[in-house]
Amino acid sequence: EDQVTQSPEALRLQEGESSSLNCSYTVSGLRGLFWYRQDPGKGPEFLFTLYSAGEEKEKERLKATLTKKESFLHITAPKPEDSATYLCAVQANFGNEKLTFGTGTRLTIIP
Amino acid sequence: ETGVTQSPTHLIKTRGQQVTLRCSSQSGHNTVSWYQQALGQGPQFIFQYYREEENGRGNFPPRFSGLQFPNYSSELNVNALELDDSALYLCASSFDNYEQYFGPGTRLTVT
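So, in structure tokens, the structure goes:
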């Protein structure tokens, strides 16, 4: 069974203080790993897809990386508007109709 | 380009009642997936529709059912509502089951 574990559960940073969020996964053949941002009471907003180990993608202050067992979401010099829950999900090659999500990391950026 | 839309935004139902939630997929997408998200948890896969056929189902009972229409919009029906069905219901659309883009969700409260 596919599993995704995210850590930490919650993270508080000062504005400008860089850090990383972790997503560990087990899947029987990875089709893709996805990062989403979710604001309270809203639907997840797509950020990145990573397909193979060694791949990296960037968007503004965010950078996602992938190894064979985990992914990191690095946030550089965050701003208060980066406060949200960040969700990681995997899609398997077999049974690829579903995304399996972690429980998310709740990120708070303090001005 | 129109994104994924869902209706209604909020809904309050009584235990034992039936509910229908609606989703319009993003332009150009042919696949719709439904997820249930409890408070503080990641989304859980309910089922997926691809070209009007069910294309995979998660661990949800048969009282959760769905439809996809020729224009690729979709409905989620839940019969015999239970208190534990209270959650945020999310619809996601994609093209050929690649990157999934989520709608804003429907908040269902069962009393």
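In the order they appear, the protein sequences are chains G and E.
Quick note on numbering: the first sequence equals residues 715 to 825 in our numbering.
Quick note on numbering: the second sequence equals residues 647 to 757 in our numbering.
Beta carbons are placed, not taken as given, at the ideal position from N, Cα and C, and that holds for glycine.
Source: prediction; values computed, not measured.
Indicate the three-state DSSP secondary structure (helix, strand or coil) for Leu729 of chain E in the structure shown. On the second sequence, position 83 is the one that residue 729 of chain E refers to. Here Leu729 of chain E sits in helix by DSSP.
What's the C-alpha gap between Phe808 of chain G and Pro825 of chain G? If you number the first sequence from 1, residue 808 of chain G lands on position 94. If you number the first sequence from 1, residue 825 of chain G lands on position 111. Phe808 of chain G and Pro825 of chain G: Cα-Cα distance of roughly 44 Å.
What did DSSP end up calling Glu795 of chain G once you bin it into helix, strand or coil? For the purposes of this step, residue 795 of chain G is taken as the residue at position 81 of the first sequence. Helix at Glu795 of chain G.
Is the shortest distance between the beta-carbon of Gln682 of chain E and the beta-carbons of chain G less than 8 Å? Position 36 of the second sequence, counted from the start, is the residue given in the question as residue 682 of chain E. Not closer than 8 Å to any Cβ of chain G, the Cβ of Gln682 of chain E fails to qualify, so no.
Measuring only the C-alpha atoms, how far is Thr755 of chain E from Gly755 of chain G? On the second sequence, position 109 is the one that residue 755 of chain E refers to. On the first sequence, position 41 is the one that residue 755 of chain G refers to. Going by the C-alpha atoms only, they are around 13 Å apart.
Cross-chain neighbours of Glu745 of chain E in chain G, by beta carbon under 9 Å: For the purposes of this step, residue 745 of chain E is taken as the residue at position 99 of the second sequence. By Cβ distance, chain G contributes Gly746, Phe748, Phe760, Thr763.
Gln714 of chain E lies in the beta strand (DSSP E); which residues open and close that run? By one-based count along the second sequence, residue 714 of chain E stands at place 68. 710-714 is the extent of the beta strand (DSSP E) around Gln714 of chain E.
Considering only their Cβ atoms, is the gap separating Gln746 of chain E from Ala738 of chain E smaller than 8 Å? Your numbering for residue 738 of chain E matches position 92 in the second sequence. Your numbering for residue 746 of chain E matches position 100 in the second sequence. Going by C-beta atoms, Ala738 of chain E is nearer than 8 Å to Gln746 of chain E.
Going by beta-carbon coordinates alone, are Leu744 of chain G and Ala806 of chain G separated by less than 8 Å? Numbered from its first residue, the first sequence carries residue 744 of chain G at position 30. Numbered from its first residue, the first sequence carries residue 806 of chain G at position 92. Contact: yes.
For Gly669 of chain E versus Ser711 of chain E, is the C-beta spacing smaller than 8 Å? As a position in the second sequence, residue 669 of chain E is number 23, starting the count at 1. As a position in the second sequence, residue 711 of chain E is number 65, starting the count at 1. The question names Gly, but residue 669 of chain E is Cys in the sequence shown. Cβ distance not < 8 Å, so Cys669 of chain E and Ser711 of chain E don't count as in contact.
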